[in-house]
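Residue numbers (our numbering): 33 to 211. Every residue gets a Cβ at the ideal spot worked out from N, C-alpha and C, and that includes glycine.
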C-alpha cells in the first residue's frame, strides 16, 4: 500500500513479500506475490527490479516447473548484467541449483563458480559460504568427489567464522541456499 501507484516500489515490496512467504513455507502465496512483482516490474520498466522479480519467481517455481525456473534465472542474469554484483551472484547461484535439480549438474558448475567468485570479491562471507556449499553439491552430483569435499570444507570454515569477527551474527545462516 505504501508504494501507491509507483510500479517500481510495488515490485520491490512484492518481491520482498514473496521471499518472506517462500521462506515461511507458503508457496501458493509466494508464487502469486512473485507473479505480481514481475507484472509491476514490467510496468515500471526497471531492469534491476525485473531481474529481482525473475530471480524470486525462478526460485519459487523450481520445485514445480524447473524449465520455467531456469528461464526466469536466465532472464534475471541477462537483465542484471554486471550492474549489481550481489543480485548477479544470487541469480547465478539459483540458476546453478536449478541445473542440479534438472539433472544437469555439470552445466550448473560455471554458474556456481562465478557466484562464488562474486561473493568472494564483494566480501559477502554469508553468501560465499552458501554458494560454496551449493558448488560442493554440484561437484558431488557431477562425480568430482575430491573437489566437492574441498568446497564443502571451505564452506564449513566460512560458516564457522560467521559471528566471530566484525560481521553480525545471523542465526541459522547455514540454511541459506538461495537468495
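Of the residues assessed, residue 115 falls on the exposed side of the cut-off, its CB having fewer than 16 other CB atoms within 10 angstroms.
Note on geometry: alpha-carbon atoms of residue 146 and residue 101 lie some 19 Å from one another. For a cut-off of 8 Å, the C-beta gap from residue 125 to residue 163 is around 5 Å, short enough to register as a contact.
The shortest C-alpha to C-alpha distance from residue 148 to any of 159, 138, 89 is the one to 159. In the structure shown, the three-state DSSP call for residue 175 is coil. Only residues of its own chain outside the window of five on either side were considered, and among them 79, 80, 83, 119, 120, 123 have a CB closer than 8 Å to the CB of residue 112, listed in chain order.
Counting only the Cα atoms, residue 44 lies some 19 Å from residue 58.
In its chain, beyond the 5 residues on either side, 50, 88, 89, 92 have a beta carbon closer than 6 Å to the beta carbon of residue 66.
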